[in-house]
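Going by the numbering used here, the letters in the sequence shown line up with residues 1473 to 1649, in that order. Glycine residues also receive a C-beta, built at the ideal position from the N, C-alpha and C atoms.
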Amino acid sequence: MAIQYKNLDEQTRKFMLKELEKDVKEGTLYISPRLNSIGRSKWAKLLEDAIVGHNDDWLATQLNEQQCMKSDEERRLRSGEITKAKVPVNAPETLAEGEFNRFYARGICARAIAEGISEVIVYRGKQVQQPRQESQAMIGKSIDPQALLEDLRKSQGVEPALGIPPGPNSGLTISLP
């Protein structure tokens, strides 16, 4: 089930696309280590197509249908030993939701800045079975769009310092006030 993005309209999609183009041009687009060679070659275009006219559910479906994910991955054990493990079956959904939401948040921040809006608001866009306490505490919080945009631009592949969006499967995102 996709996140319900309150402000996912043509205007926001334009800002999202500009953010994607920026990452592609600068070579900073996050490429998940769980993508196989097919997935790595298709990732930017699939993400672009999702931004232009779809959502995170569509992106996850494409990752599955086009066989873009690895079946297994290496993991380091506490002992330091490396082992092989199956990639979780929900990996396409987690990747699609996380990255689409990140570009949505970047698009909302860029749009807020362009429109002279001084804050964006955190909300739960998707119900989760066991909401984390930290996530619950963020709902309704106002954030400076310039600070959040800068944080999201420099934190590809890791959780942003400001904690928005907060890790995989949180269901949190942002909106214009």
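- Tell me where the beta strand (DSSP E) around Thr1533 begins and ends. Thr1533 -> not in any beta strand (DSSP E); alpha helix (DSSP H) instead, spanning Asp1528 to Glu1537.
- Item | Straight-line gap, Glu1571 to Arg1506 (C-alpha atoms, nearest Å) | 13 angstroms
- Item | Rounded separation between Val1496 and Pro1603 - CA only | 33 angstroms
- How would you write the range of the alpha helix (DSSP H) that Leu1489 sits in, first residue to last? If you look at Leu1489, you'll find it in the alpha helix (DSSP H) that goes Glu1482 to Glu1498.
- Query: Which one of Pro1564, Val1594 and Thr1500 has the shortest CA to CA distance from Asp1616?
  - Reply: Val1594
- Based on Cα-Cα distance, which residue from Lys1490, Gln1608, His1526 and Ala1516 lies nearest to Leu1644? Gln1608
- Residues sharing a beta bridge with Leu1507, DSSP: Note: Leu1507 sits in a beta bridge opposite Met1541.
- Message: Would you say the beta carbon of Gly1612 is closer than 6 angstroms to some non-hydrogen atom of the ligand GDP?
- Response: The ligand GDP is not part of this structure, which contains no ligands at all.
- Where Ile1636 falls: helix, strand or coil (DSSP): coil
- Message: Across the segment 1575-1583 and the segment 1481-1498, are there enough close Cβ pairs to call them in contact, namely three or more that are closer than 8 angstroms?
- Response: Segments in contact, yes.
- Should the segment 1507-1519 be regarded as contacting the segment 1547-1555, the criterion being three or more beta carbon pairs within less than 8 angstroms? Three or more beta-carbon pairs separated by less than 8 angstroms are not found between the segment 1507-1519 and the segment 1547-1555, which leaves the two stretches without contact.
- Query: Hey, Ile1523 and Leu1501: beta-carbon distance below 7 angstroms or not?
  - Reply: Their beta carbons are not under 7 angstroms apart, which means Ile1523 does not touch Leu1501 by this criterion.
- Counterpart residues of Arg1596 in DSSP-defined beta bridges: Leu1644
- Message: Can you check which of these residues, His1526, Lys1558 and Ser1509, is closest to Glu1482 by C-alpha distance?
- Response: His1526
- Can you have a look at Glu1588 and say buried or exposed, based on whether 16 or more other CB atoms are within 10 angstroms of its CB? The sequence given here has Gly at residue 1588, not Glu. Per the 10 Å Cβ criterion, exposed.
- Task: Please report how far the alpha carbon of Ala1582 lies from the alpha carbon of Gln1618, in whole angstroms.
- Result: 8 angstroms
- Compare the C-beta of Gly1552 against all C-beta atoms of chain B and say whether one is closer than 7 angstroms. In the displayed structure, chain B is absent; only one protein chain is listed.
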